[in-house]
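For the record, in the sequence shown the residue sitting at position 199 is 199 according to UniProt numbering, with numbers rising by one throughout. Backbone N, C-alpha and C fix where the C-beta goes; we use that ideal spot for every residue, glycine too. In this text the structure is predicted, and so the values were computed from the model without any measurement. Worksheet: the structure to be examined is printed underneath.
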Amino acid sequence: MEETNEISALFKLIDDPDSEVFGAVSTKLLDFGRTIIPNLEHLWETTPDERLQERIENIIHRLHYNDLSEDFRQWNLSGHHDMLVAALLVAKFQCPDLTTAASLVEIEKIRRNIWLELNAYLTPLEQVRIVTGILYSYYGLKGTEINYNEANEFFIHKVLESKRGNQLSDGIIYLILCELLDIPVKAINIPKQFVLAYFKPGYSLEGTTDYISKVEFYIDPSSGMVFTHKDIESYFKRISVPPVHSYFKPLSNKKVIQHLLEETARCFDNEKEFYKKEELMRLADLLD
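Below is the structure:
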């Protein structure tokens with residue numbers, strides 16, 4: 001953006017010690033939108049004052065966050081909640097300049113490899129074994145327990161780069177691929193776990209609360225291992241929770257992304273980055 005007299009005057013006031021003045025200046029700069037970011041970046045590069053640099057970084061972050069909030073609002077209002085698009089938006093929270101082309105290419109490469117192995121005569125278990133074999137053995141995706149000290153394991157572009165994610169991010173990649181391939185695998189709301197379920201072909205949930213009977217089997221997304229109904233019953237006994245039907249209702253894409261935002265927020269539960277936790281929770285609230 002061309003630096004006008006107004007912008008130059010505002011830049012001179014960024015380091016004003018009066019917090020009210022700085023607040024007013026920030027608001028004015030935010031009104032310019034993301035087009036002013038290059039000017040702010042140039043100012044950051046040409047100032048040796050660390051305190052001033054920190055203030056500039058804060059304004060740039062807020063400009064990116066405002067844009068991201070609008071992107072989430074638009075996604076929320078869209079008719080089809082594309083999980084891949086939303087997972088990449090979550091990644092843009094941490095990496096606002098992220099270009100998504102590499103992630104899209106990786107997902108398409110995996111999808112095509114799976115599609116080449118599928119045919120109409122395969123059983124549900126055979127379908128899932130192909131998805132799992134390509135994703136974990138051929139492609140080499142690794143899964144770990146959720147660790148809130150490893151924020152990168154929540155961001156899909158980082159998971160695709162490193163081929164290492166956690167139960168949630170791996171599960172989202174698994175769900176994206178199944179959705180692209182019309183395989184009826186959905187996330188369900190099992191307590192303290194992110195578990196996928198293969199729903200019987202042609203299943204309908206209209207007028208029923210008996211979701212359990214619609215499930216063929218379950219999948220652990222951190223490894224692709226398949227579980228039976230008995231395995232899940234044993235898990236509920238172990239945690240002393242009754243397996244009510246609502247735990248087996250398939251989660252919508254919106255609910256899965258909301259869960260991703262809430263879990264990612266827990267990575268920033270410290271004094272220095274607490275503002276990031278609050279911002280991610282506000283994004284999650286947008287999807288209510």
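When DSSP reads this structure, residue 142 sits in a beta bridge with 164. It is roughly 44 Å from the alpha-carbon of residue 275 to the alpha-carbon of residue 125.
Distances from the alpha-carbon of residue 277 to those of 169, 267 and 286 put 267 closest.
The residue from 208, 196 and 151 with its alpha-carbon nearest to that of residue 223 is 196.
Considered as a whole, the UniProt domain "Protein SirB1 N-terminal" (106-261) harbours 142-144, 164-166, 185-188, 195-199, 215-220 and 225-227 as its complete beta strand (DSSP E) runs of no fewer than 3 residues, in chain order. Secondary structure in the region 14-64: the alpha helix (DSSP H) runs of 4 residues or longer, each lying completely within the stretch, are 19-31 and 37-45 in chain order. Residue 282: member of the alpha helix (DSSP H) spanning 274-286, first to last residue.
Taking a C-beta distance under 8 Å as the contact criterion, residue 249 and residue 211 qualify as a contact pair.
Relative to residue 261, the option among 206, 243 and 280 whose CA is nearest is 280.
Pairwise C-beta distances place the region 104-115 in contact with the region 131-142, as three or more of them are shorter than 8 Å.
Counting the other Cβ atoms within 10 Å of the Cβ of residue 166 gives 16 or more, which makes it buried.
Membership of residue 93 in the alpha helix (DSSP H) is indicated by the continuous run 83-94. DSSP, read as helix, strand or coil, puts residue 104 in helix. Scanning its chain for C-beta atoms nearer than 7 Å, with the 5 sequence neighbours on each side dropped, one finds around residue 92 the residues 68 and 98, in chain order. For the pair residue 9 and residue 25, the Cα-to-Cα distance works out to about 10 Å.
Out of 191, 15, 194 and 143, the CA that lies nearest to the CA of residue 50 is found in 15.
If you check the CB distance, residue 140 and residue 221 do not come in under 8 Å. As the crow flies, the alpha-carbon of residue 110 is around 26 Å from that of residue 78.
When the alpha-carbon of residue 256 is set against those of 186, 218, 272 and 271, the nearest one is in 186.
When rounded, the separation of the alpha-carbon atoms in residue 209 and residue 189 is 14 Å. Counting only the Cα atoms, residue 84 lies some 10 Å from residue 180.
Burial check for residue 73: the Cβ neighbour count within 10 Å stays below 16, so the residue is exposed.
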